[in-house]
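Residue numbers (the numbering used here): 547 to 753.
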């Protein structure tokens with residue numbers, strides 16, 4: 547889902563960067579007021595390294611295109627959307643500089659899709675379904691979050707004039723729906739294991 551530099555006009559990329567900086571500033575302010583700041587810093591650092599490592603792996607798929615998992619839905623459910631946004635921002639910077647994934651001018655747009663939209667939609671639907679069934683909530687919110695991010699990327703590409711809606715609908719949507727289903731099942735397994743092995747991580751206030 548990483549958009550490369552040059553696919554979005556510079557004037558639009560600047561707007562996405564400005565929005566990103568405003569959002570990150572708000573999150574950092576909220577983060578500074580957190581009572582569990584020390585634990586959260588450690589968790590964010592660990593998950594940032596984990597995210598950079600795992601998302602850099604290319605996994606073969608039956609669709610003929612390698613899969614890269616997001617992990618941001620997992621972090622949003624475990625730590626809250628603000629924390630997952632910070633992880634996403636840090637990861638995107640390192641991925642663009644070290645792994646040639648995405649770019650610098652386009653980083654604002656990538657963050658809005660893979661950070662802001664993905665985090666808040668996932669967390670919002672997780673809280674909506676949590677009282678019904680926690681495993682269903684994890685699975686459904688992961689799928690809905692990734693698909694919301696997909697349509698966010700579709701909107702950015704249409705506004706930029708890079709592609710038309712029909713092409714994007716026929717390519718991006720089925721591919722990321724496939725990924726979201728796999729990641730939904732994986733998140734259930736991971737969160738269930740963490741609750742048994744390291745339950746204190748799940749007990750940190752979600753911000």
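Don't be surprised by glycine CBs; every beta carbon is placed ideally from N, CA and C.
Pick from the options that is closest to residue i, judged by C-alpha positions
i           : options            : result
residue 596 : 693, 555, 634      : 634
residue 627 : 639, 576, 724, 647 : 576
residue 557 : 648, 702, 623      : 702
residue 728 : 589, 705, 616, 569 : 616
residue 644 : 721, 658, 601      : 601
residue 573 : 585, 632, 564      : 632
residue 587 : 653, 604, 625      : 625
residue 690 : 699, 712, 619      : 619
residue 700 : 734, 733, 656      : 656
residue 776 : 562, 551, 555      : Absent from the model: residue 776. The displayed extent of the chain is 547 to 753, so no value can be given.
Residue interval of the alpha helix (DSSP H) (run including residue i)
i           : result
residue 785 : Residue 785 lies beyond the residue range present for the chain, which begins at 547 and ends at 753; the question has no answer from this structure.
residue 769 : This structure does not reach residue 769, given that the chain is present from 547 up to 753, and the question cannot be answered.
residue 659 : Note, residue 659: premise wrong, no alpha helix (DSSP H); not H, not E.
One or two residues paired with residue i in a DSSP bridge
i           : result
residue 605 : 613
Three-state class that DSSP yields for residue i in the structure shown
i           : result
residue 583 : helix
residue 647 : coil
residue 557 : helix
residue 676 : coil
residue 619 : helix
**Message:** Counting beta carbon pairs with one atom in the segment 662-671 and one in the segment 685-695, are three or more of them shorter than 8 Å?
**Reply:** yes
**Request:** Answer yes if the segment 647-656 comes into contact with the segment 670-679, meaning at least three C-beta pairs across the two stretches below 8 Å, and no otherwise.
**Result:** no
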